[in-house]
Amino acid sequence: MKRIAVVDNDKLKDADKQRHIQSLCPVNRAGTECIKIENGRLFIDEATCIGCGICAKHSDGAIKIVNLPTSAEGDPIHRFGENGFALYSLPTPLFGKVVGILGPNGIGKSTALNILAGHLIPNFGSTQEEQSQGSEKSEQLKRLIGFFKGSEAQGFFEKLASGEIKVAYKPQHVDLIPKAHTGTVRDLLLKADETDSFDRITELLELKDVLDTEISKVSGGELQRIAIAATVMKRANVYIFDEPTSYLDIQQRIKVSKFIRGLATEETAVLVVEHDLIILDFLTDLVHIMYGKPGAFGVVSGVKPTRTGINIYLSGYLKEENVRFRDHAVHFMAKPPADSEKNERLVAWKDLSVQLGRFRLSADEGEIMQHQVIGVLGPNGIGKTTFVKILAGVQKPDTGEISDKVKVSYKPQYLEPTDEPVASAARDVISKYDVQLARPLGIHELLDKKLSDLSGGELQRVAIAVCLAREADLYLLDEPSAYLDVEQRLLVSKVIRDVMETRTGSALVVDHDLLFVDYLSESLIVLEGTPAKEGAVKGPFTMEEGMNRFLSRLSITLRRDMESKRPRINKEDSRKDREQRAAQKWYYS
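With positions in the sequence shown counted from 1, the corresponding number in our numbering is that position plus 24.
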């Protein structure tokens, strides 16, 4: 069995630690150099490594020794240097189709997209400096054509080499746009427009109102739509979108999904990475599953119909490759109405209102019982965060009252990283809730870092853990799924539910991922009104009543998949869609 060794030397800078790990290696002790130290960096010779794992156990997560599945025993497409991450195979864009990529963070999705977009020249696992730095792009394309001989990918790379394919790529991190561009939105999009489609695209993506706004002053959702607009205005026949719905509310996600679907024609291919499973299902025709070990290696499966691929992903087992990439399956179930009558009241509100500039928020009457997990749904700019802040005591209402003073733990929507060490910020998480929070949320592997050094997903996990570790009556989590992959979202859902079951408190969770909210919540609060003008808090409702109310305003119907029981959006005007609309069952529980 082939194995690889991955070493994160940024985590392993202490020279004494390096020498200690080297001294423990049985191969080194027998006289063969398996672990070597050069220029302050530790390297492992994979050819002589016996896979004992002793070095990994003593490295505090800096070393991974991984046995590869048979599907990854050939040469990788790309490897990031000696003992670096390895990517095996690539997804394939197909003309006339929207192809999705489904997999956890750190598995190589963005690396694969950068290779397909021509931004990264693959090195096929070579760690020779002249190979990794000096090979001509045309030569590497020839190698890719040979590598994929006999497959759909061969035709793609042949066309890419001949210039028949031109790629437009929307990267993942749209929040970096203001750092790279100055001026107005209009300036940026006019520069990007190669197809004379400025007026049409800005109208379709609802950007007319921000065209004369400085790039540095637009919201995250607006930045996302600007990035999508700039991508599709380029003259291309392959469009690649890395996480196109982050920062968008559910209504915007559906509109953008319909827009992207419309790009796929016989002359055009679309490739998408997306972590919102309901949107991925709605948006794509086919999917590749990516599996492996995050930070160590990633493998791309064969392409599958979207419904089948998502269900396989939830099952954790790829039958064709005979690979079990998760030790458990994820199960959904149609929930009965939550019985909260047996619980005591935790907090209630009545006749709340607050005026913030031109925006007014009101909340007639409602209450939260103990041991509840309540989802909060509504479009951007409708007052969800304001309502959470009122309950948290951060924002004072102009009128009305909140009964039963409660102690609140609040995780805000926007996280401001500081130079505080994770070990300090998460002290209570480790000391009090190691099993319940620290281990499942992967906090231990982050302890040596500062909060400012964390990725968006890592910072989100720390913030969730810190929020849940506080002693409180009401836990308010604003968009906890942001920056998290599918696996992490489902894991966070389970952690929140488990915590609420063991405490007298309750959780209020604001999010735009409908599958995440459905999987997590027992009941719903729905905010209605006109974004940026007025919002009204309604509920809490049972899941069925709340979802019906929310989905009817979106004019979409949800059904449950017969196999996995996960929620799916019905195709507009399909038989199931017409049946549910006629019965006023927008949410099929």
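C-beta atoms are modelled at their ideal positions from N, C-alpha and C, and glycine is treated no differently.
Coil, strand or helix - residue i by DSSP
| i | result |
| --- | --- |
| Asn-138 | helix |
| Thr-72 | coil |
| Ser-579 | coil |
| Phe-383 | strand |
| His-44 | helix |
| Ala-293 | strand |
| Phe-265 | strand |
| Phe-119 | strand |
| Val-534 | strand |
| Lys-282 | helix |
| Phe-222 | helix |
| Val-412 | helix |
| Ala-253 | helix |
| Tyr-271 | coil |
| Phe-67 | strand |
| Glu-176 | helix |
| Arg-103 | strand |
| Glu-227 | helix |
| Phe-321 | strand |
| Asp-502 | strand |
For residue j and residue i, the rounded distance between their alpha carbons
| i | j | result |
| --- | --- | --- |
| Thr-114 | Lys-183 | Checking the displayed sequence, the identity of residue 114 turns out to be Leu instead of Thr. One C-alpha to the other measures close to 16 Å. |
| Gly-316 | Leu-144 | 21 Å |
| Tyr-434 | Ala-487 | 10 Å |
| Thr-208 | Glu-238 | 4 Å |
| Leu-287 | Ser-221 | 13 Å |
| Ile-549 | Lys-81 | 46 Å |
| Thr-127 | Phe-148 | The sequence shown places Gly at residue 127, rather than the Thr named in the question. Rounded to the nearest angstrom, the two C-alpha atoms are 22 Å apart. |
| Asp-443 | Leu-475 | 6 Å |
| Phe-283 | Arg-167 | 35 Å |
| Glu-62 | Gly-120 | 51 Å |
| Glu-469 | Val-90 | 17 Å |
| Leu-213 | Lys-258 | 10 Å |
| Asp-211 | Ala-450 | 44 Å |
| Ala-320 | Val-30 | 6 Å |
| Thr-116 | Val-327 | 8 Å |
| Arg-331 | Val-354 | 15 Å |
| Thr-72 | Phe-356 | 45 Å |
| Trp-610 | Leu-304 | 20 Å |
| Tyr-112 | Ser-427 | 58 Å |
| Val-523 | Val-510 | 20 Å |
| Ile-74 | Asn-107 | 15 Å |
| Val-519 | Phe-180 | 43 Å |
| Arg-583 | Gly-570 | 15 Å |
| Asn-129 | Glu-298 | 11 Å |
| Thr-94 | Ser-455 | 41 Å |
| Ser-545 | Asp-273 | 18 Å |
| Ile-131 | Pro-445 | 26 Å |
Buried/exposed call for residue i, threshold 16 Cβ in 10 Å
| i | result |
| --- | --- |
| Met-586 | exposed |
| Ile-252 | buried |
| Pro-504 | buried |
| Glu-153 | Low local confidence applies: a pLDDT of 43 at Glu-153 is under 50, so the model's placement there is unreliable, with the coordinate-based value given in what follows. Its Cβ having fewer than 16 others within 10 Å, Glu-153 is exposed. |
| Thr-226 | buried |
| Leu-380 | exposed |
| Glu-495 | exposed |
| Gly-170 | exposed |
| Ala-387 | buried |
| Leu-370 | buried |
| Gln-608 | exposed |
| Ser-281 | buried |
| Lys-161 | exposed |
| Ser-479 | exposed |
| Leu-667 | Absent from the model: residue 667. The displayed extent of the chain is 25 to 613, so no value can be given. |
| Pro-329 | exposed |
| Leu-200 | exposed |
| Glu-525 | exposed |
Short CB-CB distance (under 9 Å) between residue i and chain C
| i | result |
| --- | --- |
| Leu-338 | Protein chain content of the structure displayed is limited to a single chain, and chain C is not contained in it. |
Practice task
Take every Cβ of the segment 521–535, pair it with every Cβ of the segment 396–413, and state whether three or more of those distances are shorter than 8 Å.
Solution key: yes
Problem - alpha helix (DSSP H) runs wholly inside the segment 443–489, at least 4 long, in chain order - result: As far as the segment 443–489 is concerned, its whole alpha helix (DSSP H) runs of at least 4 residues are 446–449 and 451–456.
Practice task
Identify every run of the alpha helix (DSSP H) within the segment 540–610, keeping only runs that are complete inside it and at least 4 residues long; order them along the chain.
Solution key: Annotation note: the segment 540–610 contains the following uninterrupted alpha helix (DSSP H) runs of length 4 or greater, listed N- to C-terminal: 567–578 and 599–606.
Exercise for the section: Tell me, please, whether the segment 328–335 touches the segment 577–596 by the rule of three or more beta-carbon pairs shorter than 8 Å. Expected result: yes
Practice task
Count the CB pairs spanning the segment 310–329 and the segment 594–602 that are closer than 8 Å, and state whether there are at least three.
Solution key: The segment 310–329 is not in contact with the segment 594–602.
Practice task
Assess, as a yes-or-no matter, whether the segment 263–275 is touched by the segment 223–237 under the definition of 3 or more beta carbon pairs within less than 8 Å.
Solution key: no
Handout entry: alpha helix (DSSP H) segments (min. 4 residues) lying fully within the segment 180–211
Key = 201–204
Problem - At least 3 beta-carbon pairs within less than 8 Å: the segment 401–415 vs the segment 541–561 - result: yes
Exercise for the section: For the segment 384–408, list the beta strand (DSSP E) runs that are entirely contained and at least 3 residues long, ordered along the chain. Expected result: Within the segment 384–408, the complete beta strand (DSSP E) segments at least 3 residues long are 397–401, listed from N- to C-terminus.
Exercise for the section: Give a yes or no on contact between the segment 346–353 and the segment 535–544, applying the rule of three or more CB pairs nearer than 8 Å. Expected result: no
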